[in-house]
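These protein sequence lines are chains A and B, in that order.
Position 69 (the first sequence) corresponds to 78 in my numbering; numbering is contiguous.
Position 44 (the second sequence) corresponds to 57 in my numbering; numbering is contiguous.
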Amino acid sequence: MNKIKWTILTFAILFSIGSAFATRPRANFGSLYYWTGSGYALAGTEGMNYVCETSSNVCTYTYSGGVYTPYQTSSNYTPLGITAEPTKPAPKTEKK
Amino acid sequence: MSKKQVTLECICALLILLFLYASISKFLDFKTFIDQMNNQPLPNSWTPFLVWSIPLLEIAISITLLFEYTRLLGLYASLVLMVIFTLYTGIVLLHFFHYIPCSCGGVIRNLTWSQHLTLNLFYIAILVLGIILQHQQRKSFKPNYINNKHSLV
Numbered sequence: 010m011n012k013i014k015w016t017i018l019t020f021a022i023l024f025s026i027g028s029a030f031a032t033r034p035r036a037n038f039g040s041l042y043y044w045t046g047s048g049y050a051l052a053g054t055e056g057m058n059y060v061c062e063t064s065s066n067v068c069t070y071t072y073s074g075g076v077y078t079p080y081q082t083s084s085n086y087t088p089l090g091i092t093a094e095p096t097k098p099a100p101k102t103e104k105k
Numbered sequence: 014m015s016k017k018q019v020t021l022e023c024i025c026a027l028l029i030l031l032f033l034y035a036s037i038s039k040f041l042d043f044k045t046f047i048d049q050m051n052n053q054p055l056p057n058s059w060t061p062f063l064v065w066s067i068p069l070l071e072i073a074i075s076i077t078l079l080f081e082y083t084r085l086l087g088l089y090a091s092l093v094l095m096v097i098f099t100l101y102t103g104i105v106l107l108h109f110f111h112y113i114p115c116s117c118g119g120v121i122r123n124l125t126w127s128q129h130l131t132l133n134l135f136y137i138a139i140l141v142l143g144i145i146l147q148h149q150q151r152k153s154f155k156p157n158y159i160n161n162k163h164s165l166v
């Protein structure tokens, strides 16, 4: 009984450790970028400067060798603090 | 080894697989994990506490699931943790927060929030089964000293 038990549990332990190492990110990315609509800009710190909201877009990219590669997919870059629609400026009144 | 015992071992193995994988993945890419925690719609002041407590708790639960004496405690702790994760996933899906954060992390980053919820519910179901089986096993378990008490005299 103990033999079967420890065979199953040892397999689970080894498989989980192996999977964690196998799926870890290979590269150490220095900075992340986001698509502004016309170009790429530094994303800043996640949670401080921006958040990635769920969507079908790409939130952030990595940059290497002149190529921007999607990093955080299935999400949308949302800068913090300016998520609400900007209010319209008050109309100027002419002084007479 | 009965079918029930094998089922219980498989349930514990699945839980260890999930918790150990999740915790080691977090430690292997700790900076990303901190960023992801900051990305969640929770106060950022909680991040230093959560980034250590969650993976350490997952490892502790995995250890308790290995041994017979601590297994029931581990199963209940797993259930509490999975219920908390599921409630959080449900709250996110119900648009309780002002935005829906990305569900990025480890190989599970490919799952959507709905798929996360399905996975969590599956784990809750097998956890309930595991707790029932563990209770049954404890009831049927008779320690050797009870059977051999006359030999001790």
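Here a beta-carbon is modelled for each residue, glycine too, at the ideal position from N, C-alpha and C.
For clarity, every value in this text was computed on a predicted model and none was experimentally measured.
Legend entry - Proximal residues, the stretch 50-61 of chain A versus chain B, C-beta separation under 8 angstroms: THR54, GLU55, GLY56, MET57, VAL60 and CYS61
Inset, instruction - Could you tell me if PHE62/B is buried or exposed, where buried requires 16 or more neighbouring beta carbons within 10 angstroms of its beta carbon? - result: exposed
Legend entry - CA-to-CA distance, LEU130/B to SER64/A, given in whole angstroms: 17 angstroms
Legend entry - Cβ pair LEU69/B, LEU94/B closer than 9 angstroms: no
Inset, instruction - Would you mind sorting LYS39/B into buried or exposed? The rule is 16 or more other CB atoms within 10 Å of its CB. - result: buried
Inset, instruction - Would you verify that the beta carbon of MET95/B is, or is not, closer than 9 angstroms to some beta carbon of chain A? - result: no
Legend entry - Three-way DSSP call (helix, strand, coil) for THR125/B in this model: coil
Inset, instruction - Measure how close the beta-carbons of PHE46/B and ILE74/B come, nearest whole angstrom, since I'm counting them as under 8 angstroms. - result: Rounded, the Cβ-Cβ distance is 18 angstroms, inconsistent with contact.
Inset, instruction - Identify the continuous alpha helix (DSSP H) that holds GLU71/B and give its terminal residues. - result: 60-79
Legend entry - Below-9 angstroms beta-carbon distance, PRO34/A vs any chain B residue: yes
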